[in-house]
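Below is one structure, written out as structure tokens, with a few remarks after it.
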Amino acid sequence: MEMNIIVSGVGGMGVLTAARILAESAFKDGFKVIIGELHGMSQRGGSVRCDVRIGDVRGAIVPTGKCDLMIGLEPLEVARSSYKMKRDGKVLVNNYAVYPSSIKTSDYPKIDEVKKIILKFAREVITINAYNIALKAGSASSMNVVMIGAAEGLNVLRIRESTIKEVIREMFSGDYQKINMRAFEYGLRYFR
Amino acid sequence: MRGARNPIFSREVGKKVIALGNEAIARGALESGIGVATTYPGTPSSEIGDTLNLMAKHFDFYFEYSVNEKVAMEVAAAAAISNVRSLVCMKHVGLNVASDPFITLAYVGVNAGLVIVSADDPSAHSSQNEQDNRYYALLSGLPMLEPSDPSEAKDMTLSSFDISEKLKEPVILRTTTRVSHSRGIIELGEIRGTNLPQFIKEKKRYIPVPSVARERHKVLIENMKKAREISEKSEFNFVLPGEHEEYGIVTSGVSFNYVLDSLNWLDFKVPVLKVGMTYPLPKKLISKFLHGKEKVLVIEELEPYLETFVKKIAFDEGFDVKISGKDEGLIPRTYELNTDIVASAVSRFFSIKMPLDLKEIYSKKEKFLDPLPKRPPVLCPGCPHRATYIILKKVLGEDAIYTTDIGCYTLGIQKPINVGDLLLCMGSSIGTGCGLSEVFKGKAKVVAIIGDSTFFHSGIPALINAFHKGKDMVVVIMDNQTTAMTGFQPHPGCSPSGKDSKNVVSVEDILSGIGLKNVAVINPFDLKRSIETVKKLSNKKGLSVIVSRAKCAIVLNRERKENGIPKKTYHVNEEACVKCKLCLETGCPAISWNEGPKIDPLLCNGCSLCAQVCPKGAIEVVV
């Protein structure tokens, strides 16, 4: 078994946390896991990518053309890493643009253009408005967990739903736990 | 999972947890029974120190964020000489700063284990160069181990302490960004107790005056021989057998992972020699591996270190084997490697077909993805450095030569701020400023920019030099009261207890102690007053120092959250806005342009800078 997941986004969106939830869950389900964090100076609004590799593999970075699933928290960042996709891999995109400060808002590619670009590398792109769902769950900052719920709802993760919930309960406490549990549930139900 | 909830703090022996490579090193040090750990933070090493800092609050050992790497090395060295196991960690360029005590420490040696961690940064993800610190092992004569993943990082840390004690020499543990910043499964072991300190006076060892140094050099060379014997038998140097006995691959560190994944991808089984102890190299093992082979590929990141020695061994043994790597251009000498690069090189060298047309994917990437807008790191919304830069540009102009330094404020070179003309290393702004001020003799305004932590680290000697030599320049100390870029570590200007001002070093006292008279402290968010102060000060001849002090925006936000204080945000009153774009000139990432300026309420930190630069008062507090 080999499953390669890439979580991509912008500093502050919870890319690393999402990757850790996935990895801890896969580990609890009995799989070998490695995470590669690409964040450089990400806390300053830069691109962040985190690769989660499940199964009998060694390198922490997903090789080109080997990614089974991309969980994209930001459209432009999804496009940027889309060359990593397996032809029949799935790309899940949060329809929430974060504008780089280096460009005018109008220079940001339209979501349909972004989709077209991603389709050059992967056959299936699924968009979701995780921002609205996260707000319903209680905080915009739970978009990352909404996306994990959505991926689980699509039945592409091969990790047990109960295990992910257990990990969320372990990783968060107080209000954050409640919000993230709701975010996961709402994401899960979106595609089910 | 911060603090005690982090599973790597567990005493449960045999428990398997997912840990960052850097956390695994800290755990290894804890299990080894360290008494002292020191560091100066620097990516990709920072989480080692941060983890040890948290561990020291729960376990019985001492940790400090030292003023710089040289002092960190000296503190740890003295502890290890006094029979207390110690660890000092730093980024690759940090070892340049610590290199003076480091080289002579090899002559003096230690008694309890001392592990020196050097975290190298191939691809220079967050560094000014991609130097290969394996040459520091050669230069110093000290043993070096290189882990491939978090699990091995922990095992090698434990083993390094034992080797260090056996040889009575420090051992270097070299990681790279990809090992330090990967998470993998590690198994927890027992936590050993610490030794009692003991110092036995021995002038002929600890005082390397020339007569002693000459004798100690011989001792070091004898120790290197013993180290080679350890390397020959080390469990970290091993051969994975394969089907094609006439071929072979030699590799080390993170490249080992790429080699195994590539061979799997290519479905090609070839013997692999993995070298984990890379200094001294296991000559006999390498020679045995090369014996009878026709073709060997050496796969390693950065410089052809292994390659050079493997070729030398083949030459000395008179083997007729083709050895390739960097010299033949198969493996690049710059940047990190990855499975794509390694698989392609293996495929070319051994004539194996690649299962995937990577070239086609790369050409599509170049055509469709490379033109996408970039997202470079920028100063955060509400960052005080942005305000300071606006003030400097307003008063000193764009023609002044700005020497800059290492920290978040280096990001001032990004547009539209665009300030920063020369940078070498930590603390270089003031030293290079002295040189510029000398050659231009007042014909160009020279401004040196330095952060608070960097000022303490290595700016002070240069400032003393500038004062003593009567240089004509403006020094700006950007004091955000933390070491922000590496993760908000404290420095000597911060309170050690976090509560009172006991043992806090005052920047102003240092300046007055040097004898500086032209000094002003400004709050950069009081734009108007700061501009006047800087104008007055910079008109004076000679050396003047501006301390621009305001708390880092991220730290401020965290404090607000902890204390339940809601953040203030600003918005644009569209009726009053004349679209002059002055607010955009601040380069604040919270402001974007969509037929007029828009402020993202999620990003805005309420610093008020844009409201202060707006000539029409069109930017208002959200109520």
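Those protein sequence lines, which keep their order, are chains A and B. To convert a position in the first sequence, counted from 1, into my numbering, add 13. To convert a position in the second sequence, counted from 1, into my numbering, add 3. The C-beta atom is built at its ideal place from N, Cα and C for all residues, glycine as well.
Span separating the alpha-carbon of residue i from that of residue j
i: VAL324 of chain B; j: GLU249 of chain B; result: 9 angstroms
i: GLU15 of chain B; j: GLU34 of chain B; result: 12 angstroms
i: GLN484 of chain B; j: ILE106 of chain B; result: 33 angstroms
i: GLU193 of chain B; j: VAL120 of chain B; result: 22 angstroms
i: MET159 of chain B; j: ILE48 of chain A; result: 20 angstroms
i: GLU67 of chain B; j: LYS206 of chain B; result: 28 angstroms
i: SER533 of chain B; j: VAL23 of chain A; result: 34 angstroms
i: GLY245 of chain B; j: HIS294 of chain B; result: 15 angstroms
i: PHE204 of chain A; j: ALA32 of chain A; result: 21 angstroms
i: TYR109 of chain A; j: ILE146 of chain A; result: 12 angstroms
i: THR406 of chain B; j: ASN421 of chain B; result: 12 angstroms
i: ASN107 of chain A; j: THR140 of chain A; result: 6 angstroms
i: ARG552 of chain B; j: SER504 of chain B; result: 17 angstroms
i: PHE353 of chain B; j: ALA317 of chain B; result: 19 angstroms
Nearest residue (CA-CA) to residue i, options the options
i: SER154 of chain B; options: B:ILE252, B:ALA75, B:LEU23, B:SER432; result: B:LEU23
i: PRO104 of chain B; options: B:GLU72, B:HIS494, B:PHE528, B:LYS314; result: B:GLU72
i: VAL242 of chain B; options: B:ASN132, B:GLU232, B:THR254, B:ARG231; result: B:THR254
i: HIS184 of chain B; options: B:ASP123, B:ASN132, B:VAL215; result: B:ASP123
i: LEU167 of chain A; options: A:GLN190, A:GLY187, A:PHE197, A:ILE74; result: A:PHE197
i: VAL111 of chain A; options: A:TYR96, A:SER95, A:SER60, A:LYS191; result: A:SER60
i: GLY38 of chain B; options: B:PRO44, B:ILE404, B:ARG351, B:ALA81; result: B:ALA81
i: PRO499 of chain B; options: B:ILE11, B:SER69, B:ALA40, B:ALA216; result: B:SER69
i: GLY430 of chain B; options: B:LYS418, B:GLY415, B:GLY445, B:ASP455; result: B:ASP455
i: GLU77 of chain B; options: B:THR589, B:ALA101, B:LEU333, B:LYS619; result: B:ALA101
i: VAL20 of chain A; options: A:GLY78, A:ILE84, A:CYS80; result: A:ILE84
i: CYS555 of chain B; options: B:MET476, B:ASN56, B:GLY609, B:HIS61; result: B:GLY609
i: VAL138 of chain A; options: A:GLU165, A:ARG71, A:VAL91, A:GLU15; result: A:VAL91
i: CYS617 of chain B; options: B:VAL626, B:LYS582, B:SER48, B:ALA156; result: B:LYS582
i: GLY78 of chain A; options: B:LYS396, B:LEU361, B:THR281; result: B:LEU361
Residue i at chain A interface by Cβ criterion, 9 angstroms
i: GLY590 of chain B; result: yes
i: MET4 of chain B; result: In this prediction, MET4 of chain B has a pLDDT of 46, which is less than 50 and means its spatial position is unreliable; nothing more can be read from the coordinates.
i: PRO379 of chain B; result: yes
i: ASP264 of chain B; result: yes
i: PRO376 of chain B; result: yes
i: VAL257 of chain B; result: yes
i: CYS383 of chain B; result: yes
i: GLN417 of chain B; result: yes
i: GLU623 of chain B; result: no
Residue-level contact to chain B via CB, residue i, 9 angstroms cutoff
i: ALA150 of chain A; result: no
i: ALA36 of chain A; result: yes
i: ALA73 of chain A; result: yes
i: TYR189 of chain A; result: no
i: GLU90 of chain A; result: yes
i: ILE181 of chain A; result: no
i: ASP101 of chain A; result: no
i: TYR199 of chain A; result: no
i: LEU82 of chain A; result: no
i: LEU170 of chain A; result: no
i: ARG93 of chain A; result: yes
i: ARG136 of chain A; result: no
i: LEU51 of chain A; result: yes
i: SER21 of chain A; result: no
i: THR140 of chain A; result: no
9 angstroms Cβ cutoff, residue i in contact with chain D
i: ALA346 of chain B; result: Among the chains of the structure shown, chain D does not appear; the protein chains present are A and B.
Practice prompt. Could you pull out every unbroken beta strand (DSSP E) segment of at least 3 residues lying fully inside the segment 136-180 of chain A, listed in chain order?
Written response: With a minimum length of 3 residues, the continuous beta strand (DSSP E) runs that stay inside the segment 136-180 of chain A are 137-141.
Discussion item. List, from N- to C-terminal side, the beta strand (DSSP E) runs of 3 residues or more that fit wholly inside the segment 507-569 of chain B.
Written reply: Taking 3 residues as the shortest admissible run, the segment 507-569 of chain B contains the following complete beta strand (DSSP E) segments, listed from N- to C-terminal end: 522-525, 547-552.
Worksheet item: Taking contact to mean at least 3 C-beta pairs separated by less than 8 angstroms, is the segment 261-280 of chain B in contact with the segment 214-227 of chain B?
Response: The count of Cβ pairs closer than 8 angstroms, one atom from the segment 261-280 of chain B and one from the segment 214-227 of chain B, stays below three, leaving the stretches out of contact.
Worksheet item: At which residue ranges does the segment 153-230 of chain B contain complete beta strand (DSSP E) runs of 3 or more residues, listed in the order of the chain?
Response: Correct list: 174-179, 185-190.
Item to complete: Scan the segment 336-381 of chain B and note each continuous alpha helix (DSSP H) run of 4 residues or more that stays entirely inside, going in chain order.
Response: Every unbroken stretch of the alpha helix (DSSP H) spanning 4 or more residues and falling wholly within the segment 336-381 of chain B is given here in chain order: 342-352, 361-367.
Worksheet entry | Length-filtered (4 minimum) alpha helix (DSSP H) runs lying within the segment 417-482 of chain B | Considered as a whole, the segment 417-482 of chain B harbours 431-443, 463-471 as its complete alpha helix (DSSP H) runs of no fewer than 4 residues, in chain order.
Fill in: Those runs of the alpha helix (DSSP H) which lie wholly inside the segment 118-143 of chain B and span at least 4 residues
Taken in chain order, the unbroken stretches of alpha helix (DSSP H) that lie wholly in the segment 118-143 of chain B and span 4 residues or more are 137-143.
Discussion item. Under 8 angstroms: do the segment 513-524 of chain B and the segment 489-496 of chain B share three or more Cβ pairs, one atom per stretch?
Written reply: Because the criterion of three Cβ pairs below 8 angstroms is not met, the segment 513-524 of chain B and the segment 489-496 of chain B do not touch.
Discussion item. Which runs of the alpha helix (DSSP H) at least 4 residues long sit entirely within the segment 280-307 of chain B? Give them in chain order.
Written reply: Within the segment 280-307 of chain B, the complete alpha helix (DSSP H) runs of at least 4 residues are 286-293.
Item to complete: Can you check the segment 41-128 of chain B for any alpha helix (DSSP H) of at least 4 residues that lies completely inside it and give the ranges in chain order?
Response: Runs found: 49-58, 72-84, 95-100, 102-111.
Discussion item. Pairs of beta-carbons, one from the segment 89-109 of chain A and one from the segment 367-374 of chain B, closer than 8 angstroms: are there three or more?
Written reply: The answer is yes - the segment 367-374 of chain B touches the segment 89-109 of chain A, with three or more Cβ pairs under 8 angstroms.
Item to complete: Ignoring anything shorter than 4 residues or poking outside the segment 44-79 of chain A, list the alpha helix (DSSP H) runs there in chain order.
Response: Runs found: none.
Item to complete: For the segment 299-311 of chain B and the segment 324-341 of chain B, state whether three or more C-beta atom pairs, one from each stretch, are separated by less than 8 angstroms.
Response: Yes, they touch.
Worksheet item: Three or more beta-carbon pairs under 8 angstroms between the segment 586-600 of chain B and the segment 384-394 of chain B, yes or no?
Response: Taking 8 angstroms as the limit for Cβ pairs, the verdict is that the segment 384-394 of chain B does touch the segment 586-600 of chain B.
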